[in-house]
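To convert, note that position 346 of the sequence shown is 346 in UniProt numbering; the numbers rise steadily by one, no gaps.
Step one of this worksheet: look at the structure below.
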Amino acid sequence: MSNPSLEPLEPIELSDGTEIEVSDVDPEPQAGNAQMEVPSLRTYVFRGIIAIACLIIGFYESFVLMWQNLRIGVANYSLLVVLMAIVLFIGLDRKRARALNIHDREVDYIIGGIVVLIAITIKSQLLPRFVDWETLLRLDMFALLFFAFGISGLVFGMRSTFSFAPGWILLFGYNAVAHLIISVIFGGGFWGPVMANIIGLSLAVLVSSNRDLVQATYLALMTVLFGVIIAIIVWALTDGSKFLTLVPAVLATITVVLVSSRWRLGQWKIRRRQPTVEKAGPALIAVVVATALLAWIPTPYVERVNNLPGLQMLAKPAPGVIAPIGWHIDDVQYYNWASRYFGPGSSLLRQTMTADHYNEAWDPDGLDRTVVVDTLQSAERFQQRAFGDETLYSTLRGRKSDTVQVDLGYGVDGRAYTVLDETDFLTYTKLVFEWQTTNNTVEKISVIAVDDHRAEAKFPELAPSVTRMFIQVATILFRGNDVTIDTNTQLKDLDLVSQVGRQIVAEQQVGRS
């Protein structure tokens, strides 16, 4: 006798292409099995709507940020997660094997509840720790995925949730950092995000394909191939518009799905899958409470939108700043890797400047002070934010002081702080500010002074290192911010870097008048 709790079998495809639907579920369960009936499809859809609504409410600020990034063409990772989730859900749903309606509600509550608590902890504890890294790590999206996993376990049962385990693993593994690293490897700009998106969706095709490993690999490679071909066409027709970086991956995925299904879209419809949980009332109450708590917890972040000071600098024939009065430029160093991290046309250079005259307030021993001025010029403000003020410096693992605001005049505000480098036993004072050119290019300027006043003083190097970045992230994760914060250091050279910054801004304003 068939069991009404069993899920439908896979349809049988005959040699002529005809499909026969096979089900081991009796249309009318016997009275003795009435207590085994599963919820109706209406209940199933209702749970799904509640789950999606809780995700949006609990992480409302993250979805607002996604919309803001979409408007400026940089929502690659956020939208990619949604697209990958759709592909994985539909594909893995077709791969799910027939299973008995067996579950342990206590296990659902234990695992689902723990995961929901992890999501709350990430938003309330980890996000404040990594506030300077929020654009790079996107821990809010990481917390959102945990919350989605927990909701699924509580509302639909862990047995159903674990049947999508390969998809969950891929979504957690192909995170914002992995997306950014792949983008940098492929040169940034237009092609970097395009390839990161294509690879992400091709992996979703590989994991969710209802084929053996060899055939699934072929489909994934086809997705990459079609994606590259479409990307070349998009790049040629639009000159590499950043608003179209997801188009090649999406079109390639749709093409592969149509080809692999022999253009029969009916095969990809979502099946009627009943949850293993009969009554989800208590679980829904817990989910709503958790949603309210997540919505109440603010998402800490620094400025995320593309706001800049009112001062606009004139378009210049070359990047860099004009040496302020009383200073001369000793050396200029260019960094050719800037375009890989900050987009095509970006430039990054370091100008070493020395004061023309001795200033007793800056050095009691009669030495002329030297500073370095790093100028990053890029059309991608978002990419600048992704790497922050310290990520690309050799002092990344130093102890950073609290930031103070400095008024540089003409509506420009700078942020000043010190970095204690315990490796070289040196303390650096840094002033950072931005402005925008008349052609919408952003310049980020960093003025750095070191407490070693000699001519051979060692300044922090600009040297991007993924390894050093991950070591710092792990350090903050396991030991907290206290190991990266210096609360005792005084900003000894604050007056020095502030005066240089004000003179740079003033020189720019003089050039405009």
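No residue lacks a Cβ here, since even glycine has one placed at the ideal position from N, Cα and C.
Computed from a predicted model, the values in this text were never measured in an experiment.
{"Item": "What residues are listed by DSSP as bridge partners for S160?", "Value": "Beta-bridge pairing links S160 to no other residue."}
{"Item": "Excluding sequence positions up to five away, which residues of its chain have a Cβ less than 6 Å from the Cβ of S498?", "Value": "V406"}
{"Item": "Can you say whether residue 514 is buried or exposed, counting buried as having 16 or more other CB atoms within 10 angstroms of its CB?", "Value": "This structure cannot speak to residue 514, because the chain is shown only from 1 to 513."}
{"Item": "Can you name the residues that DSSP bridges to S446?", "Value": "D374 and V432"}
{"Item": "Pairing CB atoms from the stretch 77–96 with CB atoms from the stretch 170–179, are three or more of them under 8 Å?", "Value": "yes"}
{"Item": "Can you name the start and end residues of the beta strand (DSSP E) that Y393 belongs to?", "Value": "First-last for Y393: undefined, no H or E at that position."}
{"Item": "Just to confirm, are L201 and V74 a CB contact at a threshold of 8 Å?", "Value": "no"}
{"Item": "I'd like the list of long-range same chain contacts for D374, defined as Cβ closer than 6 Å, with 5 residues on each side in sequence excluded.", "Value": "R350 and S446"}
{"Item": "Go through its chain and collect everything with a Cβ distance to S183's Cβ below 6 Å, but skip five positions before and after it.", "Value": "G192, P193 and A196"}
{"Item": "The beta strand (DSSP E) spanning I329 covers which residue range?", "Value": "W327 to Y334"}
{"Item": "Return the CA-CA distance between I90 and R211, expressed in angstroms with no decimal places.", "Value": "14 Å"}
{"Item": "Got a sec, what are the start and stop residues for the beta strand (DSSP E) A463 sits in?", "Value": "Taken as a continuous stretch (DSSP letters only), A463 belongs to no beta strand (DSSP E), as it is neither H nor E."}
{"Item": "In terms of alpha-carbon separation, which member of G409, E390, S261 and K492 lies closest to V466?", "Value": "E390"}
{"Item": "Going by the DSSP bridge assignment, what does D413 pair with across the sheet?", "Value": "D407"}
{"Item": "With DSSP as the reference, label T238 as helix, strand or coil.", "Value": "helix"}
{"Item": "Among S347, D108 and G414, whose alpha-carbon lies nearest the alpha-carbon of A286?", "Value": "D108"}
{"Item": "If you follow the beta strand (DSSP E) that R211 is in, where does it begin and where does it stop?", "Value": "Counting along the chain, R211 falls outside any beta strand (DSSP E), and DSSP gives it neither H nor E."}
{"Item": "Within 10 angstroms of its Cβ, does A143 collect 16 or more other Cβ (buried), or is it exposed?", "Value": "buried"}
{"Item": "Using the three-state DSSP reduction, which class does T352 fall into: helix, strand or coil?", "Value": "strand"}
{"Item": "Going by C-alpha distance, which of E360, A236 and A338 is nearest E443?", "Value": "A338"}
{"Item": "Tell me, to the nearest whole angstrom, how far the beta carbon of I57 is from that of A295; I am working on the premise that it is less than 8 Å.", "Value": "5 Å"}
{"Item": "Rounding to the nearest angstrom, what Cα-Cα distance links D365 and A457 in this structure?", "Value": "15 Å"}
{"Item": "Kindly indicate which residue of V224, G388, P248 and T423 has the alpha-carbon position closest to the one of W235.", "Value": "P248"}
{"Item": "Taking 8 Å as the threshold, find out whether the stretch 392–409 comes into contact with the stretch 152–163 through three or more Cβ pairs.", "Value": "no"}
{"Item": "Please classify R385: is it buried, with 16 or more other beta-carbons within 10 angstroms of its beta-carbon, or exposed?", "Value": "buried"}
{"Item": "Alpha carbon to alpha carbon, how far is D424 from Y393?", "Value": "14 Å"}
{"Item": "Among all the DSSP beta bridges, which residues are the ones paired with L420?", "Value": "R399 and T427"}
{"Item": "For K400 and I448, I'd like the C-alpha separation in whole angstroms.", "Value": "14 Å"}
{"Item": "Which stretch, first to last residue, makes up the alpha helix (DSSP H) that contains F63?", "Value": "Y60 to R71"}
{"Item": "Between T255 and F226, which are expected to be in contact by the criterion C-beta below 8 Å, what is the C-beta distance as a whole number of angstroms?", "Value": "5 Å"}
{"Item": "Tell me which residues share the same chain as T403 and place their Cβ nearer than 8 Å to its Cβ, disregarding the 5 neighbours each side in the sequence.", "Value": "R415, A416 and Y417"}
{"Item": "Count the other CB atoms within 10 Å of the CB of P324; is the residue buried (16 or more) or exposed (fewer)?", "Value": "buried"}
{"Item": "Using only the alpha-carbon positions, how far apart do T429 and F342 sit?", "Value": "24 Å"}
{"Item": "Where does the unbroken alpha helix (DSSP H) through L136 begin, and where does it stop?", "Value": "E134 to L137"}
{"Item": "Please name the residue or residues paired with S346 in a DSSP beta bridge.", "Value": "S346 pairs with nothing; no bridge assigned."}
{"Item": "Rounded to whole angstroms, what's the CA-CA distance from I49 to L55? Just pull it up for me.", "Value": "10 Å"}
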